[in-house]
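Numbering (my numbering), first residue to last: -2 to 114.
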């Protein structure tokens, strides 16, 4: 079994920054084989993809976060990051880490990000 644990969420003012981390543990075998992603879900809304990074390190982003968020991975630490800059109130949501290998998806428990003055 694979466990994903997010950290780094919190309360931040508009225009501020946060860095989320997602550490993988358990029966990973090789973290580098996993495509990783960050999703978010705001109250009353569906979960949406924020950013993804392939095994090879190619990244893709939702239009709403392009130019503000950066996803990265450190395979030696079995960790994926989401650097979030210029945060807006509409970024408020629970952020979930996702790891995918073959057809299997793993999810973290989520971390709350609140952007408010």
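Positions of the beta carbon are idealized from the N, C-alpha and C atoms, including for glycine. Owing to the predicted nature of the structure, the values given are computational and were not obtained by experimental measurement.
On the three-state DSSP scale, how would you describe residue i?
{"i": "residue 48", "result": "strand"}
{"i": "residue 28", "result": "helix"}
{"i": "residue 75", "result": "coil"}
{"i": "residue 83", "result": "coil"}
{"i": "residue 61", "result": "helix"}
From residue i to residue j, what does the alpha carbon distance come to, in whole angstroms?
{"i": "residue 11", "j": "residue 41", "result": "21 Å"}
{"i": "residue 131", "j": "residue 65", "result": "The question about residue 131 has no answer here: the residues shown for the chain are numbered -2 through 114."}
{"i": "residue 72", "j": "residue 44", "result": "26 Å"}
{"i": "residue 24", "j": "residue 106", "result": "18 Å"}
{"i": "residue 2", "j": "residue 53", "result": "22 Å"}
{"i": "residue 21", "j": "residue 114", "result": "33 Å"}
{"i": "residue 37", "j": "residue 13", "result": "18 Å"}
Provide the residue span of the beta strand (DSSP E) that contains residue i, from first to last.
{"i": "residue 21", "result": "15 to 23"}
Is it buried or exposed, residue i, if we count other Cβ atoms within 10 angstroms and call 16 or more buried?
{"i": "residue 100", "result": "exposed"}
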